[in-house]
Amino acid sequence: AQSVTQPDIHITVSEGASLELRCNYSYGATPYLFWYVQSPGQGLQLLLKYFSGDTLVQGIKGFEAEFKRSQSSFNLRKPSVHWSDAAEYFCAVTRAGTALIFGKGTTLSVSS
Amino acid sequence: SQTIHQWPATLVQPVGSPLSLECTVEGTSNPNLYWYRQAAGRGLQLLFYSVGIGQISSEVPQNLSASRPQDRQFILSSKKLLLSDSGFYLCFLLDRLNTEAFFGQGTRLTVV
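Residue numbers (the numbering used here), protein chains in the order written: chain P, 1 to 112; chain B, 113 to 224.
What follows is the structure, given as structure tokens:
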């Protein structure tokens, strides 16, 4: 069965430090891949998406992610974290006509 | 560009009352549409998804139902709400043609 794993439930990063949030998936074919961010009490905002093409994807707010087929991964990165990046981050996968599956989320805390 | 209209933003309903949440989309045709629920402190639970008019797939057996009477309309319903139905309900659109994927603003439902 298809699945998405975000191994880190909670990560704390110092402001200005780099960030990498991990996402691994199990899927029968190359899926569409997404990262979403949710601030407390708010809805979910799309950070970036991969449908096809260049495996390094640029998103909003300075985030990027790289699709690595051999590792079944789509890790989210940011070179320098800001305090406003503290939120919950969700990775998701799907293919056309199938359920969109979300990971359980990673909560990011930013320390000063 | 595509947009999702989801209303109301908040809703307080008594136990045993009916529910109807509507999600309508603009700027696209034949999207995949999804209903998710996010309970307090928990991840995203896929409830239903639809790849076309009248086509509904249910992921979790419960007292909720969904319908897609028109291409751009996706409705979530219940005949009798339970306390456990409280949560944040999100409509999600996947537009394969335009490679767009995003959430509506959500409805925060409290069953009392």
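Idealized CB from N, CA, C, for every residue including glycine.
- Residue state for B:L133 is assigned as strand, using DSSP reduced to three classes.
- For B:F214, the C-beta contacts it makes with chain P under 7 Å involve L46, in order along the chain.
- Straight through space, the alpha carbons of B:Y146 and B:R180 are spaced by roughly 11 Å.
- The C-alpha of B:I165 lies about 9 Å from the C-alpha of B:R184.
- Taking the beta carbon of B:L202 as reference, the chain P residues within 8 Å of it are G43 and L44, listed in sequence order.
- Looking at the backbone, the Cα of P:F67 and that of P:L100 are separated by about 17 Å.
- Taken in chain order, the complete beta strand (DSSP E) segments of 3 or more residues contained in the region 38-71 of chain P are 44-50, 56-58 and 64-68.
- 9 Å or more divides the Cβ of P:F74 from the Cβ of P:Q38.
- P:A92 places its beta carbon 9 Å or farther from that of P:P40.
- Going by beta carbons, B:F215 and P:Q45 fall inside the 9 Å limit.
- When beta bridges are read from the DSSP output, B:D207 appears opposite B:E212.
- Scanning its chain for C-beta atoms nearer than 8 Å, with the 5 sequence neighbours on each side dropped, one finds around B:T115 the residues V137, E138 and G139, in chain order.
- Nearest CB-CB separation between B:G199 and chain P: not below the 9 Å threshold.
- DSSP places B:L202 in the strand class (E or B) of the three-state scheme.
- DSSP places B:Y161 inside the beta strand (DSSP E), whose first and last residues are L156 to G164.
- One Cα belongs to B:R208, the other to B:G155, and the distance between them is close to 25 Å.
- B:L195 carries a helical assignment under DSSP once its states are collapsed to helix, strand and coil.
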